[in-house]
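Q: Residue numbers (the working numbering): 29 to 330.
My structure is below; once you've seen it, I'll send some questions.
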């Protein structure tokens, strides 16, 4: 039975495919988008998180995790999160024995049948709403064997499936999994390869190739684009992306205005946030931006 590292299971979601859905978030991502709202999704393995406000600074976790190193943040002495194996016995003790409950582990190994049982609890809601189960991440396609088995079991149960992906994975993996899902939500972050690489750590050639395959294969595809200040929020970016989508035979896009709601998660992982201080965008800020899509024959919605 296949397993994967899961960092969240969100029930009753209304924003990750049609109807009421359960979203299964798998850990691991090949890109490092500067605006990523879920930094805990980036690494495949479980990780320790540390909440400064709850820490009493006793250093007990440092003593337990010998050799991992230590840090002092805001006057509070604690173990260096980046030197700890979160799956180790020492880390488990540090979490269990922390007097302020400041430490926790994000991510755990789950198997297909256990996740399926959890999702089946809400099957009546899927049936009433036209919903189902969505695989997300991170990048779920970093776990292709797990995806194939899990999606196959969903299909046996008659449950609608959806995949949220940035499609930055080998074409073989994409073509293996994509036919097994009912809906594909594909993030296209920038029309220009160099700009895409600067903002995410990888070019857009692979996502474009996989998106082109999905459209050609007749899959149900919706492109979604995060609109990020200083990255792709200019009107010309909207025009160029619209032309790219039209060239692929697509005529609609969902715009995702930038928000910094995930900034606090970087503090939990003790990582820097590249876009600290950037102002959130709202739908009303993107009226002209959406109109630029419409002028090129692509319907942009939120």
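Glycine included, every Cβ here is placed at the ideal spot set by N, Cα and C.
Computed from a prediction, not measured in an experiment: that's the story for all the values here.
1. If you draw a straight line from the C-alpha of residue 249 to the C-alpha of residue 114, how long is it?
2. Do three or more CB pairs link the stretch 189 to 204 to the stretch 146 to 157 at distances below 8 Å?
3. List the DSSP bridge partners of residue 32.
4. Thinking residue 166 and residue 55 are a contact (beta carbons under 8 Å), I'd like their distance in whole angstroms, please.
5. From the DSSP output, in three-state form, read off residue 268 for me.
6. Which one of 30, 64 and 182 has the shortest CA to CA distance from residue 344?
7. Looking at the unbroken beta strand (DSSP E) that takes in residue 53, where does it start and where does it end?
8. List the DSSP bridge partners of residue 193.
9. On a CA-only basis, which of 306, 328 and 127 is nearest residue 279? Give me that one, please.
10. For the alpha helix (DSSP H) holding residue 228, just list the boundary residues, first then last.
11. Expressed to the nearest angstrom, what Euclidean distance is found between the alpha-carbon atoms of residue 99 and residue 60?
12. Measure the alpha-carbon distance for residue 176 versus residue 143 and round it to whole angstroms.
13. Distance, Cα to Cα, residue 239 vs residue 67?
14. Going by C-alpha distance, which of 31, 253 and 220 is nearest residue 138?
15. Just to confirm the assignment, what range does the beta strand (DSSP E) spanning residue 106 have?
16. Determine, using beta carbons only, whether residue 89 and residue 107 come nearer to each other than 8 Å.
17. Identify whether residue 132 lies in helix, strand or coil by the three-state DSSP scheme.
A: The short version:
1. Counting from 1 along the chain shown, the entry for residue 249 is found at position 221. Counting from 1 along the chain shown, the entry for residue 114 is found at position 86. Spanning the two alpha carbons is a distance of roughly 37 Å.
2. At 8 Å Cβ cutoff, the stretches do not touch.
3. Residue mapping note: residue 32 aligns to position 4 of the chain shown, counting from 1. Beta-bridge pairing links residue 32 to 138.
4. Translated into the one-based positions of the chain shown, residue 166 becomes position 138. Translated into the one-based positions of the chain shown, residue 55 becomes position 27. With a Cβ gap of about 5 Å, residue 166 and residue 55 count as contacting.
5. In the chain shown, the residue the question calls residue 268 occupies position 240. Reduced to three states, the DSSP call for residue 268 is helix.
6. Only positions 29 to 330 of the chain appear in the structure, and residue 344 is not among them; the question remains open.
7. Here residue 53 refers to the residue found at position 25 of the chain shown. Note, residue 53: beta strand (DSSP E), 49 to 54.
8. The residue given as residue 193 occupies position 165 in the chain shown. Answer by DSSP bridge pairing, in chain order: 214.
9. One-based indexing of the chain shown puts residue 279 at position 251. The option with the nearest alpha carbon to residue 279 is 328.
10. Taking the first residue of the chain shown as 1, we reach residue 228 at position 200. Per DSSP, residue 228 belongs to the alpha helix (DSSP H) from 221 to 228.
11. Residue mapping note: residue 99 aligns to position 71 of the chain shown, counting from 1. Residue mapping note: residue 60 aligns to position 32 of the chain shown, counting from 1. Roughly 24 Å separates the two Cα atoms.
12. Taking the chain shown and counting its residues from 1, one reaches residue 176 at position 148. Taking the chain shown and counting its residues from 1, one reaches residue 143 at position 115. Taking the Cα positions, residue 176 is about 14 Å away from residue 143.
13. Taking the first residue of the chain shown as 1, we reach residue 239 at position 211. Taking the first residue of the chain shown as 1, we reach residue 67 at position 39. Rounded to whole angstroms, residue 239 to residue 67 spans 25 Å at the Cα level.
14. Counting from one through the chain shown, the residue named residue 138 turns up at place 110. The candidate whose alpha carbon is nearest that of residue 138 is 31.
15. Residue mapping note: residue 106 aligns to position 78 of the chain shown, counting from 1. It spans 104 to 107 - the beta strand (DSSP E) in which residue 106 sits, taken as one unbroken run.
16. In the chain shown, counting from the first residue as 1, residue 89 sits at position 61. In the chain shown, counting from the first residue as 1, residue 107 sits at position 79. One thing to note: residue 89 has its Cβ within 8 Å of the Cβ of residue 107.
17. One-based indexing of the chain shown puts residue 132 at position 104. Correct three-state label for residue 132: strand.
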